[in-house]
């Protein structure tokens, strides 16, 4: 998972693409299948689960998801800075939660206390949503201002970069009956 750690923090969590119309509805039935979403390699929700639909307007759902996206990004940064992935459970769900938890634990524990500190500048947009609002795709051009590797034991900086970088970040949020949580995420090309 070395690649995932570098792709999200040094680039992370999570580029506003020049899209015509930042939102579009999905086909009938509530399935998440936007025709114009940049979803190369981003699978849709498992067919065996029946999503729970929120009872709110599309604008309310969009606002809620964008706030959840920002909370996810804050929790993501904090998890790598502290070596504690537990707070991610409030804003992420499987399979993404398991992937990040495993990587944070491997980074902090298996690599003898390495932590990452980075700061991301976000500008997320809702790109598309399922008709029933149970699944919403957020697209962002994330700017990482710097990513630094520290020894948790000594507190000394042991690596990283001051260089700023940008990348396209996509995150699919799934409604669980009470709120939206990040279920999948992909880092894309530079933006």
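In our numbering, the protein residues as written are 10 to 200. The C-beta atom is built at its ideal place from N, Cα and C for all residues, glycine as well.
For the options 92, 188 and 127, the alpha carbon positioned closest to that of residue 113 is the one of 92. Around the CB of residue 137, 16 or more other CB atoms lie within 10 Å, so the residue is classed as buried. The three-state reading of DSSP puts residue 185 in coil, since its state is none of H, G, I, E or B. Take residue 110, set aside five residues on each side of it, and the residues of its chain with a beta-carbon closer than 6 Å to its own are 94, in chain order. Scanning 180, 123, 107 and 139 for the CA closest to the CA of residue 169 turns up 123. When DSSP reads this structure, residue 179 sits in a beta bridge with 148 and 195. Straight across, the Cα-Cα distance linking residue 106 with residue 87 is about 14 Å. Residue 158 is bridged by DSSP to 125 and 168.
Around the Cβ of residue 187, a 10 Å sphere holds fewer than 16 other Cβ atoms; the residue is exposed.
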